[in-house]
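Asks:
Residue numbers (the working numbering): 11 to 465.
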């Protein structure tokens with residue numbers, strides 16, 4: 011033992027370092043590196059967690075703000091671009107504030123700086139969206155919301171994110187910014203089920219005439235009575251007898267016209283899924299009689315009902331579809347009939363996507379009338395068909411369906427010989443609708459797909 015001690019003493023006397031001191035230095039260095047790595051890992055996780063929270067907040071803000079865009083596009087555009095901005099900005103800020111991020115209990119978006127508007131179009135060739143911002147691209151179908159943690163000196167929740175441990179190695183804060191873009195698109199189909207569809211079809215030329223009449227009426231605010239003017243024929247059609255033959259005045263030989271486009275009802279609000287309907291109080295939005303379509307030639311024994319889904323055309327089946335639309339079972343039946351495209355009920359006349367739907371025969375009152383009475387004021391989706399009809403008559407005729415149209419049920423009477431179902435154009439958004447990515451929202455769009463978050 012004494013010999014060991016003497017050897018150690020000689021090494022110290024010669025200036026050799028102590029092995030214990032070297033080990034201590036190494037241990038301290040390892041500990042320092044370990045804590046630096048722990049700090050780095052903890053704060054990196056903290057940053058990523060905050061970024062995830064910010065993304066959830068900005069997604070919510072963009073979708074909420076996009077709901078206000080619906081009031082500025084399509085046939086029922088009731089707001090100007092500046093009014094849309096004024097409505098959407100506070101909504102986006104409000105919904106961002108419902109979400110925490112990092113050390114803040116509420117996220118913050120500056121309404122002027124962080125909420126922008128424009129137009130988005132999908133490029134099917136590249137599979138990407140092209141985005142253009144500013145009033146030059148109004149009416150807007152796109153809103154982008156940005157959330158920031160990069161504003162030095164700010165007292166709001168957009169100040170840089172303070173770090174916890176990384177400050178020990180010289181990093182006190184981290185700047186972050188995330189954004190989300192939501193778009194409004196028209197619908198050209200439905201997938202899985204379609205709660206809003208009713209089994210009624212309307213002729214494309216008559217629908218186009220209603221749209222043209224609406225444009226004229228919104229400018230002039232009266233229904234013309236002079237049959238010599240072109241606009242008269244937007245609101246009136248030549249009368250037909252019960253065999254579908256055109257009627258002429260026996261004395262003059264001139265055509266006999268009857269009005270088939272009206273403004274006899276008021277729906278309030280006109281731009282929402284459900285409205286209160288008032289009879290005898292015009293609201294500026296025209297209505298037509300969806301069923302029976304007596305003023306146009308249809309197949310004998312049919313007045314505009316189509317058989318969608320199962321082949322059961324009993325009144326109880328029609329009632330179920332009027333109230334609840336097409337079910338998953340209806341979609342399965344349509345798939346078996348080769349009426350679906352990639353599992354969806356798609357109609358797009360512009361792209362020649364047409365579905366031949368078997369007609370139902372004429373309807374009577376009872377359950378069907380009761381079903382319609384329950385949805386007075388509600389928006390629904392009907393189908394638009396084009397000529398020529400396929401087949402013979404009654405239930406053997408097939409309607410070539412080409413597009414969907416949003417309508418509001420205003421008044422129904424099916425239990426007398428003088429039957430009618432009065433509807434007016436109306437906007438509708440169905441949660442199962444399929445977005446038509448190849449088309450933009452047009453002036454006559456009434457059926458919308460759910461809001462989409464894009465890249």
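Yeah, the Cβ is synthetic: ideal placement off N, Cα and C, and Gly gets one too.
Note that the coordinates shown come from a computational prediction; the quantities given were computed from them, not determined experimentally.
Do residue 63 and residue 112 have their CB atoms nearer than 9 angstroms?
Replies: One-based indexing of the chain shown puts residue 63 at position 53. One-based indexing of the chain shown puts residue 112 at position 102. The answer is yes: Cβ separation under 9 angstroms.
Asks: Between residue 354 and the ligand SAM, is the CB less than 8 angstroms from at least one heavy atom?
Replies: This structure lacks the ligand SAM; in fact it carries no ligand of any kind.
Asks: Are residue 138 and residue 132 touching if we call contact CB-CB under 9 angstroms?
Replies: If you number the chain shown from 1, residue 138 lands on position 128. If you number the chain shown from 1, residue 132 lands on position 122. Against a cut-off of 9 angstroms, the Cβ pair of residue 132 and residue 138 comes out as a contact.
Asks: Comparing alpha-carbon positions, which option in 442, 406, 297 and 424 lies nearest residue 354?
Replies: Residue numbering aside, residue 354 sits at position 344 when the chain shown is read from its first letter. For the residues 442, 406, 297 and 424, the minimum Cα distance to residue 354 belongs to 442.
Asks: Go through its chain and collect everything with a Cβ distance to residue 53's Cβ below 8 angstroms, but skip five positions before and after it.
Replies: Counting from 1 along the chain shown, the entry for residue 53 is found at position 43. Once the five neighbours on either side are set aside, the close Cβ partners of residue 53 are 173, 174, 175, 176, 181 and 184.
Asks: If you follow the alpha helix (DSSP H) that residue 227 is in, where does it begin and where does it stop?
Replies: By one-based count along the chain shown, residue 227 stands at place 217. Its alpha helix (DSSP H) spans residues 214 to 230.
Asks: Within the continuous alpha helix (DSSP H) that includes residue 101, where are the two ends?
Replies: Numbered from its first residue, the chain shown carries residue 101 at position 91. Run containing residue 101: 91 to 106, per the alpha helix (DSSP H) assignment.
Asks: If contacts are defined as beta-carbon pairs under 8 angstroms, then residue 170 and residue 82 qualify, I think. What distance do you get, rounded to the angstrom?
Replies: Mapped onto the chain shown, residue 170 falls at position 160. Mapped onto the chain shown, residue 82 falls at position 72. 36 angstroms between Cβ atoms; not a contact.
Asks: I'd like to check one pair, residue 84 with residue 214: are the Cβ atoms closer than 9 angstroms?
Replies: Here residue 214 refers to the residue found at position 204 when the chain shown is read from its first residue. Here residue 84 refers to the residue found at position 74 when the chain shown is read from its first residue. In this structure, residue 84 does not lie closer than 9 angstroms to residue 214 by Cβ.
Asks: My understanding is that residue 319 touches residue 343, with C-beta atoms under 8 angstroms, so please give their C-beta distance in whole angstroms.
Replies: Position 309 of the chain shown, counted from the start, is the residue given in the question as residue 319. Position 333 of the chain shown, counted from the start, is the residue given in the question as residue 343. Right, the Cβ-Cβ distance comes to about 5 angstroms (below 8 angstroms), so this counts as a contact.
Asks: Less than 6 angstroms between C-beta atoms, sequence neighbours within five positions excluded: which residues of the same chain meet that for residue 453?
Replies: If you number the chain shown from 1, residue 453 lands on position 443. Around residue 453: no qualifying Cβ.
Asks: From the DSSP output, read off the bridge partner residues of residue 114.
Replies: Looking up residue 114 in the chain shown gives position 104. Beta-bridge pairing links residue 114 to 111.
Asks: Where does residue 193 fall in DSSP's three states?
Replies: The residue given as residue 193 occupies position 183 in the chain shown. Three-state result, residue 193: strand.
Asks: Only counting the same chain, and skipping five residues up and downstream in sequence, which positions put a Cβ closer than 8 angstroms to that of residue 465?
Replies: By one-based count along the chain shown, residue 465 stands at place 455. So the qualifying residues of the chain are 138, 139 and 191.
Asks: Taking residue 393 and residue 316 to be in contact with their CB atoms under 8 angstroms, please state how far apart those CB atoms are, rounded to whole angstroms.
Replies: As a working note, residue 393 is residue 383 in the chain shown. As a working note, residue 316 is residue 306 in the chain shown. Confirmed, Cβ separation roughly 6 angstroms.
Asks: Hey, residue 156 and residue 187: beta-carbon distance below 9 angstroms or not?
Replies: Reading the chain shown from its first residue, position 146 is the one you call residue 156. Reading the chain shown from its first residue, position 177 is the one you call residue 187. Cβ distance < 9 angstroms, so residue 156 and residue 187 count as in contact.
Asks: Please report how far the alpha carbon of residue 337 lies from the alpha carbon of residue 267, in whole angstroms.
Replies: Here residue 337 is taken as the residue at index 327 of the chain shown, counted from 1. Here residue 267 is taken as the residue at index 257 of the chain shown, counted from 1. Cα to Cα, residue 337 sits roughly 41 angstroms from residue 267.
Asks: Thinking just about the alpha-carbon of each residue, which of 96, 128 and 109 is nearest to the one in residue 121?
Replies: One-based indexing of the chain shown puts residue 121 at position 111. Ranking the options by Cα distance to residue 121, first place goes to 96.
Asks: For the 8 angstroms Cβ check, are there 3 or more pairs between the region 248 to 262 and the region 221 to 240?
Replies: Verdict: no, contact absent.
Asks: Report the option in 409, 68 and 270 whose CA atom is closest to the CA atom of residue 168.
Replies: Here residue 168 refers to the residue found at position 158 of the chain shown. The shortest C-alpha separation from residue 168 is found at 68.
Asks: Please state the DSSP three-state secondary structure of residue 18.
Replies: Position 8 of the chain shown, counted from the start, is the residue given in the question as residue 18. At residue 18 the pLDDT is 44, less than 50, meaning the model places this residue with poor confidence; the figure from the coordinates comes in the next sentence. Correct three-state label for residue 18: helix.
Asks: For residue 18, count neighbouring C-beta atoms within 10 Å of its own C-beta (all shown protein chains included) and say buried if the count is 16 or more, exposed if not.
Replies: Here residue 18 refers to the residue found at position 8 of the chain shown. Reliability fails at residue 18, whose pLDDT of 44 lies under 50, so the model's placement of it is uncertain and no value is given.
Asks: Determine the extent of the beta strand (DSSP E) in which residue 333 is found, giving its start and end residues.
Replies: The residue given as residue 333 occupies position 323 in the chain shown. No beta strand (DSSP E) holds residue 333; the alpha helix (DSSP H) holding it covers 325 to 334.
Asks: Which one or two residues does DSSP pair with residue 247 in a beta bridge?
Replies: Taking the chain shown and counting its residues from 1, one reaches residue 247 at position 237. Beta-bridge pairing links residue 247 to 268.
Asks: Is it right to say residue 437 is buried, meaning 16 or more other beta carbons lie within 10 angstroms of its own, or is it exposed?
Replies: Within the chain shown, residue 437 is the residue found at index 427, counting from 1. By the 10 Å Cβ count, residue 437 comes out buried.
Asks: Tell me residue 445's beta-bridge partners as DSSP assigns them.
Replies: On the chain shown, position 435 is the one that residue 445 refers to. DSSP output for residue 445 lists 197 as bridge partner(s).
Asks: Distance, Cα to Cα, residue 159 vs residue 102?
Replies: The residue labelled residue 159 in the question sits at position 149 within the chain shown. The residue labelled residue 102 in the question sits at position 92 within the chain shown. Those two C-alpha atoms are separated by around 17 angstroms.
Asks: Residue 108: buried (16+ other C-beta within 10 angstroms of its C-beta) or exposed?
Replies: Working through the chain shown from its first residue, we reach residue 108 at position 98. Classification for residue 108: exposed.
Asks: According to DSSP, is residue 239 part of a helix, a strand, or is it coil?
Replies: In the chain shown, the residue the question calls residue 239 occupies position 229. If DSSP states are grouped into helix, strand and coil, residue 239 belongs with coil.
Asks: Looking only at its chain, what residues have a beta carbon closer than 8 angstroms to the beta carbon of residue 99, apart from the 5 residues adjacent to it on each side?
Replies: Working through the chain shown from its first residue, we reach residue 99 at position 89. Result list for residue 99: 75, 121, 122 and 125, in chain order.
Asks: For the region 205 to 219 against the region 228 to 237, do three or more pairs of beta-carbon atoms, one drawn from each stretch, fall closer than 8 angstroms, so that the two count as touching?
Replies: With a cut-off of 8 angstroms, the region 228 to 237 and the region 205 to 219 do not count as touching, because too few Cβ pairs lie within range.
Asks: Give the straight-line distance between the Cα atoms of residue 333 and residue 203, rounded to the nearest whole angstrom.
Replies: The residue labelled residue 333 in the question sits at position 323 within the chain shown. The residue labelled residue 203 in the question sits at position 193 within the chain shown. Looking at the two C-alpha atoms, the distance is approximately 13 angstroms.
Asks: So, at 7 angstroms on beta carbons, what are the nonlocal neighbours of residue 460 in its own chain, with the 5 sequence-adjacent residues on each side left out?
Replies: Counting from one through the chain shown, the residue named residue 460 turns up at place 450. Within the same chain, residue 460 has close Cβ partners 439, 441 and 443.
Asks: DSSP state of residue 73, grouped into three classes?
Replies: The count along the chain shown starts at 1 and reaches residue 73 at position 63. Looking at residue 73 - three-state DSSP - the assignment turns out to be helix.
Asks: Take the Cβ of residue 269 as the centre, count every other Cβ of all protein chains shown within 10 Å, and call the residue buried at 16 or more, exposed below.
Replies: In the chain shown, residue 269 corresponds to position 259, counting from 1. By the neighbour-count rule (16 or more Cβ atoms within 10 Å), residue 269 is not buried but exposed.
Asks: Specify the secondary structure class of residue 292 as computed by DSSP and reduced to three states.
Replies: In the chain shown, counting from the first residue as 1, residue 292 sits at position 282. In the structure shown, residue 292 sits in coil (DSSP, three-state: anything other than H, G, I, E or B).
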